[in-house]
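Residue numbers (this note's numbering): 45 to 955.
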């Protein structure tokens with residue numbers, strides 16, 4: 045492209061708007077002139093119409109007056125002709141004012157009125173759009189004011205015509221009509237003159253407006269054109285300066301090179317800076333000599349710099365004409381940043397390909413542009429198969445719904461999104477996927493690309509589900525925990541309230557489970573709990589819930605019931621299932637359970653209340669019967685509150701000295717004499733009176749107070765024994781009951797030794813009564829504890845033998861010298877064959893092991909006689925004596941009562 049031609053074209057393009065503007069100004073002036081001419085024509089039409097209307101009005105009055113005076117038909121015809129002109133103009137005027145009119149009819153009406161046809165369109169336009177223009181408004185008002193008078197003139201003409209036609213018009217009637225015509229003329233004439241004056245003034249005013257408008261527009265257009273011309277000329281003058289400025293300040297190096305020789309004719313400042321020389325030094329140098337690699341004309345290459353280094357460049361050349369010389373303009377651009385970016389992009393691409401997570405890059409329409417190898421491995425879709433497809437087409441929310449538009453709106457607003465989706469593989473299978481979506485934005489902040497990083501979270505989700513399951517389920521049994529049970533119970537209550545149904549909570553507690561743990565091992569206890577959980581689950585419907593909320597405490601939620609009583613069948617089936625033996629490998633165990641039942645809405649409106657009330661009902665079942673069930677009643681809650689209050693008062697009973705001891709004699713079966721007493725504790729409550737041990741001992745065990753109570757009993761009973769000795773009463777053996785918690789405590793032996801030392805009681809006179817469960821609790825330490833008691837000289841009696849988990853091995857333990865036959869076996873004697881067989885077996889075993897036997901609960905002579913024959917050495921029971929206070933025991937044992945002989949508590953002849 046030649047430079048001159050370029051300059052000419054540039055000048056032509058710059059001057060072209062100036063020429064167009066001049067043409068526009070001239071056209072505008074001509075248009076305004078035409079408008080003015082048309083307006084003048086319209087004004088001429090207005091003046092012509094006004095003249096004709098005024099003449100027609102005046103002539104109509106004259107003709108009608110002449111007709112009234114002389115009755116000549118020619119005068120009436122003249123009136124009718126002039127009145128037609130007036131009516132035509134009025135009809136045209138009213139039609140335009142109405143807004144809905146036919147242009148043709150209006151123009152025809154004005155034409156009948158004698159208006160110049162060329163002016164009619166302009167008149168219609170003014171009446172239609174500029175009726176409120178100064179003077180026109182007043183003229184139209186004056187025009188309308190005579191409409192009624194003209195109608196009245198027409199009526200007068202009709203009456204005169206009728207009168208003259210019939211020959212009945214009197215002279216005085218004609219005179220009256222002429223007077224009325226004169227009056228109407230006096231009213232219309234000044235208004236006709238005002239109409240004419242307003243029309244003339246309006247034409248004059250419009251003429252002036254048009255003149256000054258044309259003049260102003262022409263002046264304004266001329267000024268705008270001159271301003272445009274100044275700007276274009278200034279722009280043309282600045283073009284060369286700007287070109288020079290751009291050439292010198294360009295970010296790229298620019299070389300003007302002679303086409304034939306290849307030598308530099310000129311260069312800009314950037315080229316001189318890169319080469320560390322002046323622009324003059326570059327003149328005459330061959331451009332090709334500055335390049336280490338590549339062509340100096342086009343393409344990429346390497347340019348030598350001032351310090352002996354190089355820089356990557358990209359060259360673009362174009363031909364221009366400097367006079368008659370062909371010059372090549374070479375623009376050399378530094379592409380160091382681009383090369384570095386390409387290197388970084390290459391590294392990023394390699395990193396993208398090697399990253400473990402799947403990466404998807406999509407355009408603004410979410411259509412995939414690229415995906416890495418990890419994504420292809422993850423989904424089975426190769427990158428080419430995904431191109432131009434929406435990457436969310438194979439992904440949904442975990443519940444199957446498509447990704448919502450709000451998600452994309454949030455991302456477009458600037459937020460990143462991280463969440464779980466369900467992704468589909470190429471083979472149609474799905475897997476849970478963690479997806480993070482971020483955006484790459486353009487300069488305006490709009491999303492240009494989406495970048496999604498995805499990973500398969502199947503294993504992670506399974507781990508999380510396992511953790512969630514562990515958080516809400518008991519790790520041993522797999523049943524739900526207390527908090528989860530309460531949550532599901534609350535949901536069931538809400539559903540039942542909505543559906544007017546019922547919900548039942550069962551509180552299941554194993555009877556004597558602690559004995560299993562103590563007798564065998566905690567591993568066996570855990571195995572038993574797992575089997576119990578299985579049997580509980582087996583009795584439930586799929587929508588019911590079973591939970592473990594404590595060691596051997598279970599809860600069951602029965603939902604969708606019609607009433608609380610429907611839970612009875614499930615509870616009975618559960619009791620029966622739990623009563624069956626449990627095969628635990630080397631052991632076959634029998635356990636039972638106590639169940640309490642509470643239901644919504646009868647027994648509570650929330651989960652916590654239902655569980656507490658079911659617990660209260662279970663406590664009653666366990667206390668009253670065991671292996672039984674009870675429905676909750678409000679009285680149970682009162683009993684529970686009473687137990688809580690009793691527990692609080694029990695803590696203070698020791699300090700307030702509210703406990704007392706009573707002693708039940710133990711009688712030698714052959715002689716009937718008292719040989720021992722058993723110390724039994726009683727609680728004298730200041731408000732409730734005597735409270736039985738069966739009521740407060742379990743509470744003391746649960747509160748950890750039982751050791752203090754046992755020690756108090758041991759010390760006070762020992763002191764009482766010494767007091768009897770000082771009173772010279774017969775020497776007795778003292779039996780004290782020791783709980784499982786006390787016997788298993790490390791300080792038990794020390795407490796026994798301390799009590800013996802403090803009171804001076806001989807160890808052989810102290811008998812410690814232990815139940816089988818107390819012995820079981822020590823487990824492997826039982827042998828050591830028994831040996832320690834034996835070393836002290838204290839004997840041990842196994843209480844309630846045969847009622848628990850009996851083991852004959854206990855009878856061989858050191859210190860075990862007494863065997864107590866439980867009252868449950870004595871009650872049926874001698875009628876019950878089973879009790880007879882068991883009792884005789886116990887006595888025989890004790891005899892063979894050289895153990896002393898004591899029978900409890902003897903209440904009849906028959907029982908006494910049977911046990912005596914069976915070989916039992918001692919007996920206790922109401923047949924001999926109830927538990928008595930110390931002074932009553934002292935009276936029984938006083939020698940003076942029998943003249944110095946030993947007392948026989950049992951009279952010679954019993955009734």
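Where a beta carbon is used, it is the ideal one built from N, C-alpha and C, also for glycine. As the structure is a prediction and not an experimental result, all values here were calculated from the model.
Go through its chain and collect everything with a Cβ distance to residue 857's Cβ below 8 Å, but skip five positions before and after it. 819, 826, 827, 830 and 840
Please classify residue 64: is it buried, with 16 or more other beta-carbons within 10 angstroms of its beta-carbon, or exposed? exposed
Three-pair Cβ contact test at 8 Å for the region 743–754 versus the region 902–918: no
Any chance the region 404–421 sits against the region 334–354, with 3 or more Cβ pairs inside 8 Å? no
Between the C-alpha atoms of residue 122 and residue 103, what's the straight-line distance to the nearest angstrom? 8 Å
To the nearest whole angstrom, what separates the beta carbons of residue 855 and residue 811, a pair I think is in contact under 8 Å? No, residue 855 and residue 811 are not in contact; Cβ-Cβ is about 16 Å, not under 8 Å.
Taking all protein chains shown into account, do 16 or more other C-beta atoms lie within 10 angstroms of the C-beta of residue 799, making it buried, or fewer, making it exposed? buried
Rounded to the nearest angstrom, what separates residue 935 and residue 869 at their Cα positions? 32 Å
Grouping DSSP H, G and I as helix and E and B as strand, with all else coil, what is residue 356? strand
For the alpha helix (DSSP H) that residue 699 lies in, which residues bound it at each end? Run containing residue 699: none; DSSP gives neither H nor E here.
Mark residue 60 as exposed unless 16 or more other C-beta atoms lie within 10 angstroms of its C-beta, in which case mark it buried. exposed
Where residue 611 falls, given that 16 or more other Cβ within 10 Å makes a residue buried: buried
Supposed close pair residue 639, residue 572 - CB separation, criterion 8 Å: Contact flag wrong, Cβ pair sits at about 17 Å.
Tell me whether the beta-carbon of residue 112 lies closer than 8 Å to the beta-carbon of residue 205. no
Helix, strand or coil for residue 911 per DSSP? helix
Express the C-alpha separation of residue 569 and residue 908 in angstroms, rounding to a whole number. 41 Å
Compare the beta carbon distance of residue 439 and residue 447 with 8 Å and say whether it is the shorter of the two. yes
In this structure, what does DSSP give as the bridge partners for residue 727? 703 and 735
Going by the beta-carbon positions, is the gap between residue 66 and residue 318 smaller than 8 Å? no
Taking all protein chains shown into account, do 16 or more other C-beta atoms lie within 10 angstroms of the C-beta of residue 394, making it buried, or fewer, making it exposed? exposed
Contacts around residue 51, its chain only, beta-carbon distance under 7 Å, and the 5 residues preceding and following it disregarded: Interpretation of residue 51 is limited by its pLDDT of 48, a score under 50 that renders its predicted location unreliable; the figure taken from the coordinates is listed afterwards. Taken in chain order, the list of residues that qualify is empty.
List the endpoints of the continuous alpha helix (DSSP H) containing residue 965. The displayed coordinates of the chain run from 45 to 955. Any statement about residue 965 would go beyond what the structure contains.
By a C-beta neighbour count over all protein chains shown, 10 Å radius and 16 as the cutoff for buried, is residue 694 buried or exposed? buried
Unbroken stretches of the alpha helix (DSSP H), 4 residues or longer, contained in the region 411–437: 417–423 and 427–430
Burial state of residue 460, where buried means 16 or more other Cβ atoms lie within 10 Å: exposed
Just the Cα atoms here: how many angstroms apart are residue 563 and residue 466? 53 Å
Considering residue 648, what are the terminal residues of the beta strand (DSSP E) in which it resides? Taken as a continuous stretch (DSSP letters only), residue 648 belongs to no beta strand (DSSP E), as it is neither H nor E.
Within 8 Å, strictly: CB atoms of residue 493 and residue 501: no
Out of 689, 133 and 712, state which residue places its alpha-carbon closest to the alpha-carbon of residue 187. 133
To the nearest angstrom, how far is it from the Cα of residue 802 to the Cα of residue 783? 22 Å
Please go through the region 849–914 and give each complete alpha helix (DSSP H) segment of 4 or more residues, from N-terminal end onward. 867–870, 877–892 and 905–914
In the DSSP output, what is residue 446 paired with across the bridge? 440
Residue 145 lies in the alpha helix (DSSP H); which residues open and close that run? Segment: none, residue 145 is in no alpha helix (DSSP H) and carries neither H nor E.
In three-state terms, what does DSSP make of residue 459? coil
Apart from the five residues just before and just after residue 808, which ones in its own chain have a Cβ nearer than 6 Å to its Cβ? 837
Grouping DSSP H, G and I as helix and E and B as strand, with all else coil, what is residue 485? strand
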